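A.B. asks:
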Amino acid sequence: MSQSHDQRVSVVWFKRDLRLSDHRPLQEACNRGKVLCLYCFEPSFWRAADADGSHFRFVTESLMELREGLRGRGGELIIRVGEVREVLEELWKWTGFQDLWSHEETGNLLTFNRDKRVKSWTEGRGVRWREIPQTGVVRGLKSRDGWASLWKQRMAEPLAEIPERVECPDRLAPGNMPDPQDVGLEESTKLNAQKGGAKLAWETMHSFLQERGVGYRKEMSSPLTGEASCSRLSPYLAWGNISVREVFQSTRDRIMDVRYAREEGRALDKRWAQSLSSFEGRLRWHCHFMQKFEDEPEIEFENMNRAYDGLRESEFREDRFEAWCRGETGYPMVDACMRALHQTGWINFRMRAMLVSFASYHLWLHWRQTAVFLARHFLDYEPGIHFSQFQMQSGVTGINTLRIYSPAKQVVDQDPEGEFLRRFCPELEGVPKVYLAEPHRMSGVLQEKVGCQIGKDYPRPVVMHREAYAMARQRMGEIRKRPEVRAESFRVQERHGSRRRGRKRKR
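Heads up, the sequence shown is in our numbering, so the first residue is -17 and it goes up one at a time.
1) Near A390, which residues of its chain fall below 6 Å by C-beta distance, leaving aside the five closest residues on each side in sequence?
2) Report back the beta-carbon spacing between C212 and P314 to the nearest angstrom; my notes put them in contact at under 8 Å.
3) L173: buried (16+ other C-beta within 10 angstroms of its C-beta) or exposed?
4) For D317, which residues in the same chain have their Cβ closer than 7 Å to its Cβ, ignoring the five residues on either side in sequence?
5) Which residue wins for smallest C-alpha separation from G377, given the options A289, D161, E209, F355?
6) Using 8 Å for Cβ pairs, my map puts I281 next to F369. What's the rounded Cβ distance?
7) Going by C-alpha to C-alpha distance, which of M159, V416, K124 sits closest to P398?
8) Taking just the CA atoms, how far does E430 sit from M272?
9) Considering only the alpha carbon of each residue, which of D362, C22, R302, R253 lies closest to V196?
10) Taking just the CA atoms, how far does K274 sit from T88?
11) List the endpoints of the continuous alpha helix (DSSP H) containing K181.
12) Hey, is the region 212 to 225 in contact with the region 319 to 334, meaning 3+ C-beta pairs nearer than 8 Å?
13) State yes or no: is the C-beta of T77 within less than 8 Å of the C-beta of L18?
14) If you pair each beta-carbon of the region 147 to 158 with each one of the region 7 to 15, do three or more pairs fall below 8 Å?
15) Using only alpha-carbon positions, find the residue among H324, E300, M320 that is nearest to H348.
16) To the nearest angstrom, how far is the alpha carbon of T233 from that of S216?
17) H422 by DSSP, collapsed to three states: which one?
18) Would you decide whether M446 is buried or exposed? Buried here means 16 or more other CB atoms lie within 10 Å of its CB.
19) By a C-beta neighbour count over all protein chains shown, 10 Å radius and 16 as the cutoff for buried, is Q116 buried or exposed?
20) Leaving aside the five residues before and after E201 along the sequence, list all residues of the same chain whose C-beta is less than 7 Å from its C-beta, in chain order.
21) For V63, which of helix, strand or coil comes out of DSSP?
22) I need the boundaries of the beta strand (DSSP E) containing L347, first residue and last residue.
23) Would A180 and Y343 qualify as a contact pair, given that the criterion is a beta-carbon distance under 8 Å?
24) Identify whether K(-3) lies in helix, strand or coil by the three-state DSSP scheme.
25) Within a Cβ cutoff of 7 Å, which residues of the same chain sit near G157, ignoring the five residues on either side of it in sequence?
26) I'd like to check one pair, F298 with Q351: are the Cβ atoms closer than 8 Å?
27) Using the Cα positions of G433 and G400, report the straight-line distance between them to the nearest angstrom.
28) Measure the Cβ-Cβ separation of G178 and F(-4) and say whether it is below 8 Å.
Shown next as structure tokens:
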């Protein structure tokens, strides 16, 4: 028997927005009557190739906190396992809800098609579905001209207040949190991954803006110093424990505090101003890459610059791919970063770029397979950023500078003492510092002496850097000269290129 339909009921569908603060769909729905707050564990979503048990655990941790917060305001979080359209049909029959509220989502093809099915269902049932932006991404954008101004306007909007009271329809079973196996996943193996929840998101942001972030601009490039000096907000942004707008406005407040402190002559580390400015720029960058994906979702599967089609696809080497996935390439910085991801689900941005660069240029692997693998291992996997970045780092946009990282140079530049390398590649513990970047250069006698025999205790290089680098530069140089590539690059620039003028830097 269904509930009486004499009172207006709205459903707030939580997706990648697992928070109470700055949640306009929740605020709007609460202003109109009774609210059914829903999170749906969709088997099709969790069984997809880019999903992982670590994502599932982070989401469930976030949902437990969200449920507690809603209950404290008289509401409830309804948990269901099933495809959204079928779950909504069930709830509609019970409550007769008239409105569906959610945030806009720049997701992958799977969630895009899911949303189209939901749209069809709402139209068939006469339910009004209202989607509200939560980032700087603009749907239906005709041109990137003026996008930066639109982004600033979005970020300056007042934050949605947390409702004091959430009135929930009666007699609906709240539902239990499923186990990973219920949706086709295995338990997370990332025992050192960050925990989910809005409380931790705000604590992480506060510690960054007040303490950890002082050396951000200089220290973010190293996997060693970046562990503490980077914001570490990325998973909280990806799963919506905190909004980009909340982070932006908190950062602006901190920038003003630093400015006033300087004007008043108060003692404050001079590095704060530049570090906060750099971080603020990366918040815009966050939405800039998501906008690319919103404008051209095909780049989840296709080269952004179609003239690069066929560049690597037919030369995929499974043995090289497997070595890269396991962190057994014979290049310590590549291997240590990959093993860190297996344990923690996080590595700093430059090392992510290096991993993609090494796979794309040294190993000559097509980006699609490597992108899906890293999507599973990035706890902060955000499709809009992920696939846009893969296109750029693998060199198939035609508008970005080629960046072919030397793994050995990254050791010298980012971990000269080998602290990070030895933590994640303990078999290199006895290797002298001078050989840490390229342990295969040790003599056989030295290998035996330090207890690290190449090919036995630590892998031989899957490719030789000098030859692989030269080959990649040659092949990329040749294709970039082709008229069709240049023509297609012009199209890409017009559609996706930043309109911001570059500022000259002192070198």
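Yeah, the Cβ is synthetic: ideal placement off N, Cα and C, and Gly gets one too.
It should be emphasised that the depicted structure is a prediction, and the values quoted were computed from it without experimental measurement.
C.D. replies: Let's see:
1) Correct list, in chain order: A419, E420.
2) Contact between C212 and P314 fails: their C-beta atoms lie close to 21 Å from each other, not under 8 Å.
3) exposed
4) G309, E310, T311, C407
5) It is A289 whose Cα lies nearest to the Cα of G377.
6) 5 Å
7) Taking P398 as reference, the option from M159, V416, K124 with the minimal CA-CA separation is V416.
8) So the two alpha carbons sit approximately 50 Å from each other.
9) When C-alpha distances from V196 are compared across D362, C22, R302, R253, the shortest belongs to R253.
10) Going from the Cα of T88 to the Cα of K274 covers about 10 Å.
11) Note, K181: alpha helix (DSSP H), 180 to 192.
12) yes
13) yes
14) yes
15) E300
16) 15 Å
17) In this structure, H422 counts as helix in the three-state DSSP scheme.
18) exposed
19) buried
20) T207, G208, S211
21) V63 carries a strand assignment under DSSP once its states are collapsed to helix, strand and coil.
22) Neither: L347 is in no beta strand (DSSP E) and is coded neither H nor E.
23) Not closer than 8 Å, so no.
24) Of the three classes helix, strand and coil, the one that applies to K(-3) here is coil, per DSSP.
25) I60, I61, R62
26) yes
27) 17 Å
28) no
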